[in-house]
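**Q** Handing you this structure, nothing more for now.
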Amino acid sequence: MSVDAATVRRIAHLARIAVADDEIAHLQGELNTILQFVEQLAEVNCEGVEPMTSVTPMAMKQRKDEITDGGIVDDVLRNAPSREGNYFLVPKVVE
Amino acid sequence: MTELTALTLAEARDGLRKRAFSAAELTDAHIVAIERARALNAYVIETPDAARAMANAADARLKAGEAGPLEGVPLGIKDLFATKDVRTTAGSRILADFMPPYESTVTAQLWRDGAVMLGKLNNDEFAMGSSNETSCFGPVINPWRRTGSNKALVPGGSSGGSAAAVAASLCLGATATDTGGSIRQPAAFTGTVGIKPTYGRCSRWGIVAFASSLDQAGPIARTVRDAAILLRSMAGHDPKDSTSADRAVPDYEAALGKPVKGMTIGIPKEYRLDGLAPEIDKLWEQGVAWLKAAGANIVAVSLPHTKYALPAYYIVAPAEASSNLARYDGVRYGLRKPERDVIGMYEQTRAEGFGPEVRRRIMIGTYVLSAGYYDAYYLQAQKVRTLIKRDFEQCFAQGVDAILTPATPSDAFGIGEKGGADPIEMYLNDVFTVTVNMAGLPGIAVPAGLSSDGLPLGLQLIGRPFDEEALFALGAVIEQAAGRFTPARWW
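From first to last, the protein sequence lines stand for chains A and B.
Under my numbering, think of the first position of the first sequence as 133, with each following residue one higher.
Under my numbering, think of the first position of the second sequence as -17, with each following residue one higher.
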């Protein structure tokens, strides 16, 4: 499988990465090189093979459902690029 | 005082306990060495004042007889580990000003045991790279040079700053992380020892995530013993990482010197790649001879799915990365490029904040997870991963204790030499190491010789899950036979 220019634009948008028009051809070439490289996986017979979900067998731990953290508003907001009071600020979403 | 930096971590630890020198003196010697070695670009931030304060506190505890296992030992920390109130960037512009209000579990355990932080070490952006050339701080220069040449070489990656700093004696040991070979490959390129422990051995909490099912922390050090000492402090269960293993951490240092007589070492035929450099092959044969001489049994083994590990990795790792790196959106921390609408803000922020390699991997990951392609790529890769792991399990079930392979297909290459036109060329660096991450196993790289150009080469030992002790015992045999390798100072 290989990607065309329209697919590169669609992936970039899904990934939320702005891509300029003059970058498309270059990116398309690179992505197709990688996709061509991984293509060989198709030749492996995986019939009846379970996909890996955990590399080491382990039972998920459970803990009591209780509050163990919090009350650190200043720490949470400390690295915010833009804030007002105790809120993160973003550009207007709804007109 | 500079001779203090030439000590091994174990020698420094013992000297501090005997009060042969103080932690303050040891730390000062390293601070001076770091200042003189800025040409290597190994440290992205130096923290001399904090280091001196930590060293003074260590001296007080040493005096009071309350020394921890690493009391007064100065270390470098890969800039992928969150350090409280010390800038943590993962080598990315998108985190250029990030100040963690918390400490990673691994580094917290090092400070608990008395270690001193000298600063943060350069790495490939988000640990994506095999040469340390993708860092927003620029490349790290390998302290090693080819015989008779001044050409700048890469230290390997992604833990290139860690490996270079350890090789150049700018710290006694360093933390590192390994997703596809990022500890073992730079260790091999710099003549240092690096171990990626079993998945789950070290907590991932507070380490900037790349591919969560593959990421694992480990040390880079100048000797096998030093790596064993560091791993004991770094490892251990952490309730904050649900994938960290709840089992006791052995005294790894005690595993050194344990007899390897009677151990069975597998030599996988699939690692004898077409076109493998003759000097790598020769090094491998030398390693076999050393282990045989120490009384180990050598057997040929087969890991039939080896050739599919790298392509499967380049689906699984980018897929997990695209999901993990979705958090960098310019809202809660990191870079923001202002735009009129919120989607535009996300897109411009991420275009500007991520470098080309990171953007490429996020896009590949996004594609293989997208509707219509998930089964063909991601699901197939996870099935192949099951087969890769099964290969190792069958090998261990036949009584193999560890597997010996080369660590890298070549010695260190020049800056800008690889991957410029074809990203796959760079990816092939990890051909011997990536299988180990895919199977969650422990792997150690130990220096074993010099190339015809006078550059270090390493061998890799792969162990059973949670049997890092066998790797330390076997690694010590190779180290003893091969000797240690130190670059001549030119910086």
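For each residue, glycine too, the CB sits at the ideal point set by N, CA and C.
Do B/Ala33 and B/Val98 have their CB atoms nearer than 7 Å?
**A** Yes; because the gap between Cβ atoms is below 7 Å, this pair is in contact.
**Q** Starting from A/Glu198, find everything on chain B with Cβ-Cβ shorter than 7 Å and list it in chain order.
**A** Residues of chain B passing the Cβ test: none, with the nearest at roughly 13 Å.
**Q** Below 7 Å between beta carbons is the criterion; list the residues of the segment 399 to 411 of chain B that meet it against any residue of chain A, in chain order.
**A** Against chain A - using a Cβ distance shorter than 7 Å - the residues of the segment 399 to 411 of chain B are Asp404, Pro405 and Ile406.
**Q** Identify which residue in B/Asp95, B/Gly73, B/Thr159 and B/Arg343 has its Cα closest to the Cα of B/Leu44.
**A** Cα-wise, what sits closest to B/Leu44 is B/Asp95.
**Q** Closest by CA to B/Cys184, which one among B/Glu53, B/Ser224, B/Gly445 and B/Lys264?
**A** Here the closest residue by C-alpha is B/Ser224.
**Q** From B/Tyr234 to B/Glu261, what does the alpha carbon distance come to, in whole angstroms?
**A** Looking at the two C-alpha atoms, the distance is approximately 32 Å.
**Q** Which of the three DSSP states, helix, strand or coil, is assigned to B/Pro338?
**A** In this structure, B/Pro338 counts as helix in the three-state DSSP scheme.
**Q** Is DSSP giving B/Lys102 helix, strand or coil here?
**A** Strand.
**Q** At the 7 Å Cβ level, is A/Pro189 part of the contact set with chain B, yes or no?
**A** So, not an interface residue.
**Q** Going along the chain, which residues of the segment 201 to 214 of chain A sit with their C-beta nearer than 9 Å to a C-beta in chain B?
**A** Against chain B - using a Cβ distance shorter than 9 Å - the residues of the segment 201 to 214 of chain A are Ile204, Asp206, Asp207, Val208, Leu209, Arg210, Asn211, Ala212, Pro213 and Ser214.
**Q** With contact counted as at least three CB pairs below 8 Å, one residue from each stretch, are the segment 19 to 26 of chain B and the segment 139 to 157 of chain B in contact?
**A** Yes: at least three Cβ pairs fall under 8 Å.
**Q** Kindly list, in the order they appear in chain A, the residues whose Cβ is closer than 8 Å to that of B/Phe80.
**A** Those within 8 Å of B/Phe80 in chain A are Asn211.
**Q** What's the C-alpha gap between B/Thr70 and B/Ile27?
**A** If I take the Cα positions, the gap works out to 9 Å.
**Q** Among A/Ala150, A/Gly202 and A/Ile156, whose alpha-carbon lies nearest the alpha-carbon of B/Glu334?
**A** When only C-alpha atoms are compared, the closest one is A/Ala150.
**Q** Tell me the start and end of each unbroken alpha helix (DSSP H) in the segment 360 to 438 of chain B that is at least 4 residues and wholly inside, in chain order.
**A** Taking only runs of at least 4 residues, the alpha helix (DSSP H) segments lying wholly in the segment 360 to 438 of chain B are 362 to 379, 405 to 409 and 416 to 420.
**Q** Could you check if B/Arg254 is buried or exposed, using at least 16 other CB atoms within 10 Å of its CB as the buried criterion?
**A** Exposed is the call here.
**Q** So if I threshold CB-CB distances at 8 Å, which residues from the segment 143 to 160 of chain A count as touching chain B?
**A** Residues passing the 8 Å Cβ filter: Ile143, Ala144, His145, Leu146, Ala147, Arg148, Ile149, Ala150, Val151 and Leu159.
**Q** With respect to 6 Å, is the separation between the Cβ of B/Leu317 and the closest non-hydrogen atom of the ligand COA below this value?
**A** By its list of ligands, the structure shown contains no ligand whatsoever, and the ligand COA lies outside what it can speak to.
**Q** Given that A/Ala87 touches chain B, what residues does it touch there, using C-beta distances under 9 Å?
**A** No information on residue 87 of chain A is available, as it lies outside the stretch 133 to 227 that chain A covers here.
**Q** What are the uninterrupted segments assigned as beta strand (DSSP E) that are 3 or more residues long and contained completely in the segment -14 to 24 of chain B, given in chain order?
**A** Counting whole runs of 3 or more residues, the segment -14 to 24 of chain B contains no beta strand (DSSP E) stretch at all.
**Q** What residues in its chain sit with their C-beta under 6 Å from that of B/Thr348, if we drop five residues either side in the sequence?
**A** Correct list, in chain order: Ser304.
**Q** Compute the beta-carbon to beta-carbon distance between B/Arg471 and B/Met110, rounded to the nearest angstrom, for a pair I have assumed lies under 8 Å.
**A** About 31 Å; that fails the 8 Å criterion.
**Q** Whose Cβ in chain A lies nearer than 9 Å to the Cβ of B/Gln376?
**A** Correct list: empty, because the minimum Cβ distance to chain A is about 14 Å.
**Q** Which residues in chain B sit within 9 Å of A/Val135, going by Cβ to Cβ distance?
**A** Per Cβ cutoff of 9 Å: Tyr349.
**Q** Buried or exposed for B/Ser74, please, with buried defined as at least 16 other CB atoms from any protein chain shown within 10 angstroms of its CB.
**A** Buried, because 16 or more other Cβ atoms sit within 10 Å of the Cβ of B/Ser74.
**Q** Can you tell me the Cα-Cα spacing of B/Gly422 and B/Arg128, whole angstroms?
**A** Whole-angstrom Cα-Cα distance: 34 Å.
**Q** Taking contact to mean at least 3 C-beta pairs separated by less than 8 Å, is the segment 188 to 198 of chain B in contact with the segment 52 to 71 of chain B?
**A** Taking 8 Å as the limit for Cβ pairs, the verdict is that the segment 52 to 71 of chain B does touch the segment 188 to 198 of chain B.
**Q** Just to confirm, are B/Tyr181 and A/Thr188 a CB contact at a threshold of 7 Å?
**A** Closer than 7 Å, so yes.
**Q** Spell out whether any CB of chain B is found under 7 Å from the CB atom of A/Val307.
**A** Outside the displayed range of chain A (133 to 227) lies residue 307 of chain A, so it cannot be described from this structure.
**Q** Could you work out which residues of chain B lie near A/Glu162, taking near to mean beta carbons separated by less than 8 Å?
**A** In chain order: Arg342 and Pro405.
**Q** B/Leu453 and B/Leu443 - do their beta-carbons sit closer together than 7 Å?
**A** Yes; because the gap between Cβ atoms is below 7 Å, this pair is in contact.
**Q** What are the boundary residues of the alpha helix (DSSP H) that includes B/Asn279?
**A** Taken as a continuous stretch (DSSP letters only), B/Asn279 belongs to no alpha helix (DSSP H), being part of the beta strand (DSSP E) at Asn279 to Val283.
**Q** Report the neighbours of A/Glu216 on chain B: residues whose CB is nearer than 7 Å to its CB, in chain order.
**A** None at all; the shortest Cβ gap to chain B is about 13 Å.
**Q** What number of angstroms, rounded off, separates the C-alpha of B/Asp31 from the C-alpha of B/Gly337?
**A** Approximately 32 Å, taken between the alpha carbons.
**Q** Please go through the same chain and pick out, in chain order, the residues whose beta-carbon is closer than 8 Å to the beta-carbon of B/Met(-17), but skip the five residues on each side of it.
**A** In this prediction, B/Met(-17) scores a pLDDT of 44, lower than 50, which makes its location untrustworthy; no coordinate-derived value is stated.
**Q** Residue range of the beta strand (DSSP E) that B/Leu57 falls in?
**A** That run of the beta strand (DSSP E) goes Pro56 to Lys60.
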